[in-house]
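Asker:
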DNA sequence: ATGGCAATGTTTCATTGA
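And the structure:
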């Protein structure tokens with residue numbers, strides 16, 4: 014099974030690219046973030062024509078998450094948001110596919126470490142970590158995938174000195190990321206030997222992508238029960254190339270059959 | 001000290017993202 018996460022930065026703008034990518038890679042499950050669409054405008058028909066069903070939770074302008082599943086794979090027990098954490102922002106959606114609980118997240122950006130948005134980011138992460146412990150108890154085979162807006166350690170940062178203490182790299186955010194792992198998950202990317210300087214996001218400005226000045230902030234975390242089935246974890250840098258790319262590239266894991 | 005690029009709606013600028 015091939016499972017992907019991709020922050021598309023507007024599904025409306027990125028739909029042609031997404032459809033082309035689906036045709037080329039034929040993933041089984043796709044987690045999307047920053048769809049930026051009301052549910053009434055979600056492109057159900059175009060995705061169905063491409064062979065994908067979807068569950069989604071969106072809003073206009075900001076945020077918005079979705080899970081796609083290749084035809085023949087049901088999206089069971091969909092739920093959005095986090096129990097007990099009131100949030101207007103559409104950042105979490107989950108469904109069970111082929112016996113695996115898939116939790117798609119768009120972690121708040123945080124803006125800067127001294128902002129109210131940063132405090133919200135840390136509150137949000139605490140609530141999600143709490144929810145995660147219960148979810149893993151119910152569903153030992155679980156994947157949490159999405160845009161975490163955290164570079165877990167210095168290997169995930171093109172210039173750790175420049176980014177030290179900044180939002181996306183600060184120690185409280187990294188601790189929040191480790192709290193997700195402590196709930197019973199592992200970073201699939203680090204299950205394997207990886208080349209240096211692999212990132213998932215590059216600023217649109219300053220030729221950051223051609224210079225590979227990026228961060229690895231998009232992650233696929235797998236539960237300890239699922240980790241032995243993981244056979245690869247990569248990032249498709251090619252998807253960041255060309256006209257009108259998202260600023261994020263997709264992360265991909267392959268899971269062997271149970 | 002600041003913008004830089006992209007998407008969106010509040011649209012010919014302001015806000016947000018990371």
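Numbering (my numbering), first residue to last: 14 to 271. All C-beta atoms in this analysis are idealised placements derived from N, C-alpha and C, irrespective of residue type, glycine included. These figures come from a predicted structure and were not determined experimentally.
1. Three or more beta-carbon pairs under 8 Å between the region 138-156 and the region 230-250, yes or no?
2. Could you check whether residue 213 and residue 231 sit closer than 8 Å to each other, using their CB atoms as the reference points?
3. Residue 133 lies in the alpha helix (DSSP H); which residues open and close that run?
4. For the candidate residues 204, 77, 226, whose alpha-carbon lies nearest to that of residue 267?
5. DSSP three-state label for residue 92, please.
6. Is the separation between the beta-carbon of residue 108 and that of residue 86 shorter than 8 Å?
7. Relative to the C-alpha of residue 36, which residue among 260, 20, 64 is closest?
8. Start and end of the alpha helix (DSSP H) containing residue 38?
9. Near residue 43, which residues of its chain fall below 6 Å by C-beta distance, leaving aside the five closest residues on each side in sequence?
10. Return the Cβ separation of residue 161 and residue 120 in integer angstroms, given the expectation that the two are a contact with Cβ distance under 8 Å.
11. So which of 195, 167, 197 has the shortest CA-CA distance to residue 184?
12. Mind checking who residue 13 pairs with in its DSSP beta bridge?
13. Identify the residues that DSSP records as bridge partners of residue 44: which are they?
14. Taking DSSP as the reference, what is the three-state secondary structure of residue 53?
15. What separation, rounded to the nearest whole angstrom, lies between the Cα atoms of residue 78 and residue 188?
16. Quick one: what does DSSP say residue 201 is sitting in, helix, strand or coil?
17. Near residue 169, which residues of its chain fall below 8 Å by C-beta distance, leaving aside the five closest residues on each side in sequence?
18. So residue 202 and residue 157 are supposed to be a Cβ contact under 8 Å. How far apart are they, rounded?
19. Which value, in whole angstroms, describes the spacing of the CA atoms of residue 134 and residue 122?
20. Buried or exposed for residue 219, please, with buried defined as at least 16 other CB atoms from any protein chain shown within 10 angstroms of its CB.
21. If I follow the unbroken alpha helix (DSSP H) through residue 174, where does it start and stop?
22. If you draw a straight line from the C-alpha of residue 252 to the C-alpha of residue 171, how long is it?
23. Rounded to the nearest angstrom, how far is the Cβ of residue 75 from that of residue 49, given a contact under 8 Å?
24. Evaluate residue 14 with the Cβ neighbour count: other Cβ atoms within 10 Å of its Cβ, from every protein chain shown; 16 or more gives buried, anything less gives exposed.
25. What separation, rounded to the nearest whole angstrom, lies between the Cα atoms of residue 94 and residue 100?
26. Along the beta strand (DSSP E) that carries residue 114, what are the first and last residues, could you check?
Answerer: According to the data block:
1. Contact holds: three or more Cβ-Cβ distances are below 8 Å.
2. One-based indexing of the first chain puts residue 231 at position 218. One-based indexing of the first chain puts residue 213 at position 200. In this structure, residue 231 sits near residue 213, with a CB-CB distance shorter than 8 Å.
3. In the first chain, residue 133 corresponds to position 120, counting from 1. Per DSSP, residue 133 belongs to the alpha helix (DSSP H) from 129-151.
4. Within the first chain, numbered from 1, the residue matching residue 267 stands at position 254. Nearest C-alpha to residue 267: 204.
5. In the first chain, the residue the question calls residue 92 occupies position 79. DSSP places residue 92 in strand when its eight states are reduced to three.
6. Looking up residue 108 in the first chain gives position 95. Looking up residue 86 in the first chain gives position 73. No.
7. Here residue 36 is taken as the residue at index 23 of the first chain, counted from 1. Looking at the Cα atoms, 64 is the closest of the given residues.
8. If you number the first chain from 1, residue 38 lands on position 25. Where residue 38 is concerned, the enclosing alpha helix (DSSP H) stretches over 24-38.
9. As a first step, residue 43 is located in the first chain; it is residue number 30 there, counting from the start. Excluding five sequence positions before and after residue 43, the CB atoms of its chain that fall closer than 6 Å to its own CB belong to 17, 81, given in chain order.
10. Taking the first chain and counting its residues from 1, one reaches residue 161 at position 148. Taking the first chain and counting its residues from 1, one reaches residue 120 at position 107. Right, their Cβ atoms sit about 5 Å apart.
11. Mapped onto the first chain, residue 184 falls at position 171. When only C-alpha atoms are compared, the closest one is 167.
12. Only positions 14 to 271 of the chain appear in the structure, and residue 13 is not among them; the question remains open.
13. If you number the first chain from 1, residue 44 lands on position 31. In the DSSP output, where bridge partners are listed per residue, residue 44 has 18, 80.
14. Residue 53 sits at position 40 when you count from the first residue of the first chain. Here DSSP, grouped into helix, strand and coil, assigns residue 53 to helix.
15. To locate residue 78, count along the first chain from 1; it is residue 65. To locate residue 188, count along the first chain from 1; it is residue 175. Approximately 24 Å, taken between the alpha carbons.
16. Translated into the one-based positions of the first chain, residue 201 becomes position 188. Here residue 201 sits in helix by DSSP.
17. For the purposes of this step, residue 169 is taken as residue 156 along the first chain, with counting starting at 1. Excluding positions up to five away in sequence, the list reads 212, 228, 229, 230.
18. In the first chain, the residue the question calls residue 202 occupies position 189. In the first chain, the residue the question calls residue 157 occupies position 144. Here residue 202 is actually not in contact with residue 157; their C-beta atoms are around 13 Å apart, not less than 8 Å.
19. Translated into the one-based positions of the first chain, residue 134 becomes position 121. Translated into the one-based positions of the first chain, residue 122 becomes position 109. Residue 134 and residue 122: Cα-Cα distance of roughly 7 Å.
20. Start at 1 with the first residue of the first chain, and residue 219 comes out as number 206. The residue is exposed, with fewer than 16 neighbouring Cβ atoms inside 10 Å.
21. As a first step, residue 174 must be located in the first chain, where it is residue number 161. Here the alpha helix (DSSP H) through residue 174 covers 173-176.
22. Walking along the first chain from the start, residue 252 turns up at place 239. Walking along the first chain from the start, residue 171 turns up at place 158. Rounded to whole angstroms, residue 252 and residue 171 show a C-alpha spacing of 19 Å.
23. Here residue 75 refers to the residue found at position 62 when the first chain is read from its first residue. Here residue 49 refers to the residue found at position 36 when the first chain is read from its first residue. A Cβ-Cβ distance of about 6 Å is found for the pair residue 75 and residue 49, placing them in contact under the 8 Å criterion.
24. Position 1 of the first chain, counted from the start, is the residue given in the question as residue 14. The residue in question, residue 14, is buried, as its Cβ has 16 or more Cβ neighbours within 10 Å.
25. Translated into the one-based positions of the first chain, residue 94 becomes position 81. Translated into the one-based positions of the first chain, residue 100 becomes position 87. A direct Cα-Cα distance of roughly 7 Å separates residue 94 from residue 100.
26. What you label residue 114 is simply residue 101 of the first chain in a count that begins at 1. Counting along the chain, the beta strand (DSSP E) containing residue 114 begins and ends at 113-119.
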